[in-house]
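Here the structure is laid out as structure tokens; the discussion comes afterwards.
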Amino acid sequence: MKEKSILILGAGRSSSALITYLLEGAIEGGWHVTVGDFSIKAAEERIGSSKKGTAIRFNIEETERCEEIIGSADIVISLLPAGFHPIVARLCLKYSKHLFTASYVSDEMKNFHEEAKVKGLLFMNECGLDPGIDHMSAMEIIDRIKSAGGKILSFESFAGGLIAPETDPNNPWRYKFTWNPRNVVVAGQGTAKFIQEGQYKFIPYQQLFTRTTSVHIPGYGDFQGYANRDSLKYIDAYGLRGIKTMLRGTLRNEGFCSAWNILVQLGCTDDSYLMENVNQMTNRN
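Just so we're aligned, residue 2 is where the sequence shown starts under the numbering used here, counting upward by one.
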């Protein structure tokens, strides 16, 4: 049987676990993993000494090269910044390739649904931790309750990638960048939307980190949770129409949100400000 080709685009911080997993299962699964990144060094570091992986340089702006690379794969996994997914998606449609991403489904990505369906292609987004694994765990619980004849009146879930305290006891934030640092800094800039006890809530960015919830996890302690993006769009997806409370949140260690709020109020996380004459400045300026 011909060996399948899995193409992973992007060798950033969030790619390591996936690449390791696929390389370890490559012999049994009968596939070969190709990792493409703008930095060939980063791709090579992810592959390591594995004979089931190949590192290549990948530049999304080099159209002909992109077509060649994507056209030769069986499955494409895009871990590029979300803004590049539509470019990859169009090429996957052109060459009839399955596509997976870990990003939220944007309106532009939704527009590819019908064409992918007609071609018999699997286009799956939200395949990470949050969103992703949280959807799976949520539906497992929801289906179990419904199958037992129960009715769900309230749904709240919190997810977060946090470090184990013993791994870095001197880290005051008790947090590390395990994904794109820029995305961590700008997280929450859009208005958070959810429903609580029948009332719709819309929390602007400037208030987001002051509107937190205390979350106790047995065996691990107390944490803080804050509303994550638009929870309302998951009411139908989870089959919870008519529910009184629907909240998807982000989990952080105690103290994180109040400290981060200071940075927000100071404008340190605002990337919308444009400096004048920046194209005329030198690094010395």
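Virtual Cβ for every residue (Gly too), placed ideally from N, Cα, C.
As the structure is a computational prediction, the values presented were derived from the model and not from experiment.
>> DSSP has S79 in a bridge; who is on the other side?
In response: L10 and T102
> Got a sec, what are the start and stop residues for the alpha helix (DSSP H) Q281 sits in?
Replying inline: Run containing Q281: none; DSSP gives neither H nor E here.
> CB-CB under 8 Å to E68, same chain, minus the five flanking residues each way: which ones, in chain order?
Replying inline: Excluding sequence neighbours, E68 sits near L92, K95 and Y96.
> Just reading off the alpha helix (DSSP H) that M137 is part of, what are its end residues?
Replying inline: I134 to S148
> Closest by CA to C258, which one among K234, L248 and Q208?
Replying inline: Q208
> For K98, does the count of other Cβ atoms within 10 angstroms reach 16, so buried, or fall short, so exposed?
Replying inline: Result: buried.
> Can you list the alpha helix (DSSP H) stretches of 4 or more residues lying completely in the stretch 186 to 257, in chain order?
Replying inline: 206 to 209 and 235 to 238
> Can you round the beta-carbon distance between A103 and G133 to whole angstroms, since I take them to be within the 8 Å contact cut?
Replying inline: 6 Å
> Do you know how far the Cα of T192 is from the Cα of E157?
Replying inline: When rounded, the distance between both Cα atoms is 18 Å.
>> Suppose you measure from the CA of Q266 to the CA of E4; what does that come to, to the nearest Å?
In response: 53 Å
> Out of curiosity, what's the CA-to-CA distance linking L123 and E62?
Replying inline: 25 Å
> Rounded to whole angstroms, how far is the Cβ of L233 from the Cβ of F195, which I believe are closer than 8 Å?
Replying inline: 7 Å
>> On the DSSP bridge list, what partners appear for E56?
In response: Strictly speaking, residue 56 in this sequence is Ala, with Glu absent from that position. Per DSSP, V36.
> So what's A160 in DSSP terms, helix, strand or just coil?
Replying inline: strand
> Would the beta-carbon of F224 fall within 8 Å of that of V216?
Replying inline: Yes.
>> Taking only three categories from DSSP, how would you classify F113?
In response: DSSP places F113 outside both helix and strand once states are collapsed to three, so it counts as coil.
> Just how far apart, CA to CA, sit W32 and L163?
Replying inline: Approximately 32 Å, taken between the alpha carbons.
>> What does the Cβ neighbour count give for H114, buried or exposed, with the cut at 16 atoms within 10 Å?
In response: exposed
>> So, under 8 Å CB-CB, G222 and T214 are touching, yes? Tell me the CB distance rounded to an integer number of Å.
In response: The pair is not a contact, with the Cβ atoms about 15 Å apart (cut-off 8 Å).
> Is it buried or exposed for D272, if we count other Cβ within 10 angstroms and need 16 for buried?
Replying inline: exposed
> Count the other CB atoms within 10 Å of the CB of R253; is the residue buried (16 or more) or exposed (fewer)?
Replying inline: buried
> Roughly how many whole angstroms lie between the Cα atoms of T35 and G11?
Replying inline: 10 Å
> Looking at C-beta atoms only, is the number of pairs between the stretch 140 to 160 and the stretch 240 to 250 that lie closer than 8 Å three or more?
Replying inline: Enough Cβ pairs lie closer than 8 Å, so yes.
> Which first and last residues belong to the alpha helix (DSSP H) in which C269 is found?
Replying inline: Taken as a continuous stretch (DSSP letters only), C269 belongs to no alpha helix (DSSP H), as it is neither H nor E.
> How long is the line joining the alpha carbons of K52 and G129, rounded to whole angstroms?
Replying inline: 26 Å
> In the DSSP assignment, what residue or residues form a beta bridge with F178?
Replying inline: In DSSP, F178 forms no bridge with anything.
> Taking the alpha-carbon positions, what's the Y22 to R47 distance?
Replying inline: 11 Å
>> According to DSSP, is K120 part of a helix, a strand, or is it coil?
In response: The three-state reading of DSSP puts K120 in coil, since its state is none of H, G, I, E or B.
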